[in-house]
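Note that the sequence shown covers residues 1 to 137 in full-length UniProt numbering.
Quick reminder that beta carbons are idealized off the backbone N, C-alpha and C, glycines included.
What follows is a single structure, written as structure tokens, with notes after it.
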Amino acid sequence: MVSAADRAKIIRPGQTYVGQQGFTYQAGVSRGTVGETSVCMNVLPMPPGAKAKAHYHKDIDTIAYLLEGRCSVFYGDQFEHRVEMVQGEQMFMPRDVPHAPVNDSGAPCTWIVVHSSGDDQDDIIMTPHLDALLPKF
């Protein structure tokens, strides 16, 4: 029988994937890298001018920690909210809330993103009608 300790895994840097949100992520702990899990964590590097495609995660909460840099997050049913995040801050995005990070800082930024699902691509609902509300670069 396999014990819980036998299921422990190390995720080494270098694995990447492209998400529906339009970014190349550095793969972290997820269903795809460690097998069955009910949470996931990935690293999202954003170059200057990068912005996510508008989306929400159906029935999935998100926690985002800004590891380095500065970045804006637009959120709400009509992106009526905008917050500027700085290094070291965390943001909780409740399930089903449309959002999109936008790196309008002129310098790179990096996020650590955690979802209450085994994969950050689970149940993503794209909201392309909100993309027009994001800044143009």
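key: CB of V34 within 8 Å of CB of K9, strictly   = Your numbering for residue 34 matches position 34 in the sequence shown. Your numbering for residue 9 matches position 9 in the sequence shown. Closer than 8 Å, so yes.
task = Report all residues from its chain with a CB closer than 6 Å to the CB of V18; omit the five preceding and five following residues, and keep chain order.
result = Walking along the sequence shown from the start, residue 18 turns up at place 18. Contacts found: T24.
task = On a CA-only basis, which of R70, D131, R95, M93 is nearest M85? Give me that one, please.
result = In the sequence shown, the residue the question calls residue 85 occupies position 85. In terms of CA proximity to M85, R70 leads the group R70, D131, R95, M93.
Neighbour-count burial assignment, V114, 16 or more Cβ in a 10 Å radius = Taking the sequence shown and counting its residues from 1, one reaches residue 114 at position 114. Its Cβ being crowded by 16 or more others within 10 Å, V114 is buried.
task = Tell me, please, whether the segment 37–49 touches the segment 102–121 by the rule of three or more beta-carbon pairs shorter than 8 Å.
result = In this structure the segment 37–49 lies against the segment 102–121, because at least three pairs of beta carbons, one per stretch, are closer than 8 Å.
query = In terms of residue numbering, what span does the beta strand (DSSP E) encompassing G35 cover?
reply = One-based indexing of the sequence shown puts residue 35 at position 35. Segment: none, G35 is in no beta strand (DSSP E) and carries neither H nor E.
query = How is A64 classed by DSSP in three states: helix, strand or coil?
reply = The residue labelled residue 64 in the question sits at position 64 within the sequence shown. Three-state DSSP puts A64 in a strand.
ask   = From the DSSP output, which residues share a beta bridge with R70?
value = Position 70 of the sequence shown, counted from the start, is the residue given in the question as residue 70. V86.
request  = State the Cα-Cα distance for the pair S72 and S38, rounded to the nearest angstrom.
outcome  = In the sequence shown, counting from the first residue as 1, residue 72 sits at position 72. In the sequence shown, counting from the first residue as 1, residue 38 sits at position 38. Answer to the nearest angstrom: the Cα atoms are 28 Å apart.
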